[in-house]
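Worksheet: the structure to be examined is printed underneath.
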Amino acid sequence: MATSYPAVAPNQTPNPDAVLKGVEILGRVDDAHRKILNRDAIAFLALLHRSFNKTRLALLERRQ
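Numbering-wise, my numbering puts 1211 at position 25 of the sequence shown, and it's gapless, one number per residue.
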């Protein structure tokens, strides 16, 4: 089943709560990690992943 993520206009700042929906961090996160991986940083990473993962996977496939 495909998940629909909120669309963001190029000059619009996305709502971090909407972007973080469905994001799960599986690894250990200690205090040092929390300083870097705050809510906004994780939302940014989620947007990058959702925007470019298809291209990233295609490029990796081409390397084979």
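Idealized CB from N, CA, C, for every residue including glycine.
Keep in mind the model is a prediction, meaning the values are calculated, not measured.
(1) Which residues bound the alpha helix (DSSP H) around Lys1240?
(2) In the structure shown, what three-state DSSP assignment does Met1187 receive?
(3) Pull up the CB-CB distance for Leu1212 and Arg1225, whole angstroms please, since I reckon it's below 8 Å.
(4) Closer than 7 Å by C-beta to Pro1202: which residues in its own chain qualify, once you throw out the five before and the five after it? Chain order, please.
(5) Return the Cβ separation of Pro1200 and Leu1233 in integer angstroms, given the expectation that the two are a contact with Cβ distance under 8 Å.
Short version:
(1) Position 54 of the sequence shown, counted from the start, is the residue given in the question as residue 1240. Bounds of the alpha helix (DSSP H) holding Lys1240 are Arg1225 to Arg1249.
(2) If you number the sequence shown from 1, residue 1187 lands on position 1. With a pLDDT of 39 at Met1187, under the threshold of 50, the predicted position of this residue should be treated as unreliable, though the coordinate-derived value follows. Three-state result, Met1187: coil.
(3) Your numbering for residue 1212 matches position 26 in the sequence shown. Your numbering for residue 1225 matches position 39 in the sequence shown. About 17 Å; that fails the 8 Å criterion.
(4) Counted from its first residue, the sequence shown places residue 1202 at position 16. Excluding sequence neighbours, Pro1202 sits near Arg1225, Asp1226 and Ala1229.
(5) For the purposes of this step, residue 1200 is taken as residue 14 along the sequence shown, with counting starting at 1. For the purposes of this step, residue 1233 is taken as residue 47 along the sequence shown, with counting starting at 1. Rounded to whole angstroms, the Cβ separation of Pro1200 and Leu1233 is 7 Å, and the two are in contact under 8 Å.
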